[in-house]
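Please read the structure below before turning to the comments.
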Amino acid sequence: MLRHNVPVRRDLDQIAADNGFDFHIIDNEIYWDESRAYRFTLRQIEEQIEKPTAELHQMCLEVVDRAVKDEEILTQLAIPPLYWDVIAESWRARDPSLYGRMDFA
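In the working numbering, the protein residues as written are 6 to 110.
Printed below as a string of structure tokens:
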């Protein structure tokens with residue numbers, strides 16, 4: 006992976022505001038930082054990003070499978086009881102996921 010410094014769009018604040026992205030700066034810290042870009046090789050993408058991502062996704066699915074059968078796990082995950090049945094029904098129906106995101110530091 007190679008990091009490159011790149012120029013930030015002069016109108017980034019306006020673009021963000023126009024798109025409802027009003028938290029690109031939080032507590033005077035830049036959250037959405039366009040000053041850097043990263044270049045990866047195909048091998049890095051496949052082996053160091055896609056493969057671990059697929060493994061992590063599978064682990065998450067395994068947790069969901071256990072959680073929908075165990076209220077203690079749902080409680081540990083801080084999921085309100087109001088949603089337990091909906092989550093279990095969605096899981097049993099094999100509904101597609103809408104969105105997933107994991108941030109690592």
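Ideal Cβ placement from N, Cα and C applies to all residues, glycine included. Here the structure is a predicted model, which is why all the values come from computation and not from measurement.
Margin query: Mapping the DSSP letters down to three states, classify His-29 as helix, strand or coil.
Written below: To locate residue 29, count along the sequence shown from 1; it is residue 24. Note: His-29 maps to coil in three-state DSSP.
Check: Taking the alpha-carbon positions, what's the Glu-52 to Ile-30 distance?
Finding: Here residue 52 refers to the residue found at position 47 of the sequence shown. Here residue 30 refers to the residue found at position 25 of the sequence shown. Cα-Cα distance, rounded: 33 Å.
Margin query: Judging by CA-CA distance, which residue of Asn-10, Trp-37, Arg-8, Asp-32 is the nearest neighbour of Ala-22?
Written below: Here residue 22 refers to the residue found at position 17 of the sequence shown. Checked all of Asn-10, Trp-37, Arg-8, Asp-32; the closest Cα to Ala-22 is Trp-37.
Next item on the list: Thinking Val-150 and Trp-89 are a contact (beta carbons under 8 Å), I'd like their distance in whole angstroms, please.
Entry: No information on residue 150 is available, as it lies outside the stretch 6 to 110 that the chain covers here.
Notebook entry, point to check: Under a three-way DSSP split, which group does Glu-39 fall into?
Noted result: The sequence position of residue 39 within the sequence shown is 34, counting from 1. Coil, per DSSP.
Check: So what does DSSP say about Leu-82, is it helix, strand or coil?
Finding: Here residue 82 is taken as the residue at index 77 of the sequence shown, counted from 1. Leu-82: coil per DSSP, three-state reduction.
Notebook entry, point to check: Is Ala-93 closer than 7 Å to Val-73 when the C-beta atoms are compared?
Noted result: Taking the first residue of the sequence shown as 1, we reach residue 73 at position 68. Taking the first residue of the sequence shown as 1, we reach residue 93 at position 88. Taking 7 Å as the Cβ cut-off, Val-73 and Ala-93 qualify as a contacting pair.
Checklist line | Span separating the alpha-carbon of Pro-85 from that of Leu-79 | finding: The residue given as residue 85 occupies position 80 in the sequence shown. The residue given as residue 79 occupies position 74 in the sequence shown. Going from the Cα of Pro-85 to the Cα of Leu-79 covers about 8 Å.
Notebook entry, point to check: Nearest-angstrom Cα distance between Tyr-104 and Ile-20?
Noted result: For the purposes of this step, residue 104 is identified with residue 99 of the sequence shown, where counting begins at 1. For the purposes of this step, residue 20 is identified with residue 15 of the sequence shown, where counting begins at 1. Their Cα atoms are separated by approximately 23 Å.
Check: How long is the line joining the alpha carbons of Asp-16 and Glu-76, rounded to whole angstroms?
Finding: The residue labelled residue 16 in the question sits at position 11 within the sequence shown. The residue labelled residue 76 in the question sits at position 71 within the sequence shown. Rounded to the nearest angstrom, the two C-alpha atoms are 49 Å apart.
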